[in-house]
Amino acid sequence: RIQLGGTPVVRKAITAGEIDIYPEYTGNAAFFFEKADDPVWKDAAKAYETAKKLDYDANKIVWLSPSPANNTWAIALRKEVAETNKLATLTDFGKYVAGGGQVVLAASAEFVNSAAALPAFQTTYGFTLKPEQLITLSGGDTAATIAAAANQTSGANAAMVYGTDGGIAPSGLVVLDDDKGVQPVYQPAPIIREKVLKEHPEIETLLKPVFAKLDLVTLQELNGRVQVGGEPVKGVAEDFLKKNGFLK
Numbered sequence: 025r026i027q028l029g030g031t032p033v034v035r036k037a038i039t040a041g042e043i044d045i046y047p048e049y050t051g052n053a054a055f056f057f058e059k060a061d062d063p064v065w066k067d068a069a070k071a072y073e074t075a076k077k078l079d080y081d082a083n084k085i086v087w088l089s090p091s092p093a094n095n096t097w098a099i100a101l102r103k104e105v106a107e108t109n110k111l112a113t114l115t116d117f118g119k120y121v122a123g124g125g126q127v128v129l130a131a132s133a134e135f136v137n138s139a140a141a142l143p144a145f146q147t148t149y150g151f152t153l154k155p156e157q158l159i160t161l162s163g164g165d166t167a168a169t170i171a172a173a174a175n176q177t178s179g180a181n182a183a184m185v186y187g188t189d190g191g192i193a194p195s196g197l198v199v200l201d202d203d204k205g206v207q208p209v210y211q212p213a214p215i216i217r218e219k220v221l222k223e224h225p226e227i228e229t230l231l232k233p234v235f236a237k238l239d240l241v242t243l244q245e246l247n248g249r250v251q252v253g254g255e256p257v258k259g260v261a262e263d264f265l266k267k268n269g270f271l272k
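Numbering (this note's numbering), first residue to last: 25 to 272.
Laid out in structure tokens, this is it:
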């Protein structure tokens, strides 16, 4: 079943035993257990192990092996700008901006003003975007920020994104690696009620290689086919499973 609702809805459903399994982000466990200020969430391995232990101890919910992707706040740059200037990480980006590189970032007001977002990136990576280098949009819709950078609206060549946004690749943008771990890690992982896993232990074996294949680029491409290309979710999922040998 798809589109059951947002995180609070499916979270309540699994803890109540109304559903058995769904994919969750490791970073969300920080809020489930009111530990958002703990730096552990910025380390992928530690975040996963912490989420796994907390949820099992509290709810007998088991976190299975995660995808290597990270769907957290990020900055994406127009591909030609990144390639021409050899920018792959936010360390590269920080040096480029500090050295006078031409950057205009489209972002939400929350991203620009939240201490945990752009200000944290600027402090860690040693750059400052001037007011004229920011296009601040009132909503938090990354489709709008991606479109601004893709269309070079008001000179935009960079955008606030979530790592697995479907519009990134089709719009000619690339995500810069948060190489110093400023943002919490949001790795997708299947979570399942222990009772159900004990009844069907093969689920863990079946899902592990599937999630291992869902890296950042793959998720961007799959999401792009749905969000940009308008393909049905079921068809895109089946195509991915068949191409990777999980379905015949």
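We put the beta carbon where it would ideally sit given N, CA and C, even for glycine.
Is it true that the CB of residue j sits closer than 8 Å to the CB of residue i?
i    : j    : result
P47  : Q211 : no
L200 : A93  : no
L114 : D203 : yes
V128 : S195 : no
A100 : A75  : no
F151 : V121 : yes
F55  : L78  : no
S138 : T169 : no
N268 : K232 : no
Taking the alpha-carbon positions, what's the residue i to residue j distance?
i    : j    : result
P32  : Y186 : 19 Å
I159 : A174 : 13 Å
Q176 : H224 : 51 Å
K70  : V252 : 34 Å
K84  : L230 : 21 Å
V105 : I43  : 45 Å
G254 : E262 : 15 Å
I192 : N95  : 12 Å
G30  : D62  : 24 Å
Y149 : G123 : 12 Å
Q157 : K272 : 50 Å
G41  : E218 : 11 Å
L16  : K119 : This structure leaves residue 16 out entirely; the chain is present only between 25 and 272.
K266 : L28  : 25 Å
E107 : P143 : 25 Å
T242 : K110 : 22 Å
R102 : A171 : 11 Å
A112 : A82  : 40 Å
T147 : V34  : 36 Å
Q244 : D116 : 22 Å
Between the Cα of residue i and those of the options, spot the shortest distance and give me the residue it belongs to.
i    : options                : result
N181 : P256, G205, G125       : G125
L197 : T39, A130, F235        : A130
Q207 : K77, S132, A68, L153   : A68
E134 : M184, T108, P155       : M184
Y80  : A168, L221, G259, Q146 : L221
P155 : F264, V136, T147       : V136
G205 : V64, G41, V34          : V64
Less than 8 Å between the CB atoms is what I'm expecting for residue i and residue j, so what's the real figure, rounded?
i    : j    : result
V209 : K66  : 6 Å
I45  : V257 : 17 Å between Cβ atoms; not a contact.
T50  : Y72  : 5 Å
Q260 : R249 : According to the sequence provided, residue 260 is Val. The question's Gln does not apply to it. So it is a contact: roughly 5 Å between Cβ atoms.
W97  : A141 : 6 Å
F264 : L246 : 6 Å
Examine the ligand NAD and report whether any of its heavy atoms sits within less than 7 Å of the Cβ of residue i.
i    : result
A167 : As far as ligands go, the structure on display features none, and thus does not contain the ligand NAD.
request  = Determine, using beta-carbon pairs with one atom in the region 210-227 and one in the region 78-89, whether at least three such pairs fall under 8 Å.
outcome  = They touch, by the three-pair rule.
inquiry  = With three or more C-beta pairs closer than 8 Å as the rule, is the region 224-235 touching the region 151-166?
reply    = No, the region 151-166 does not touch the region 224-235.
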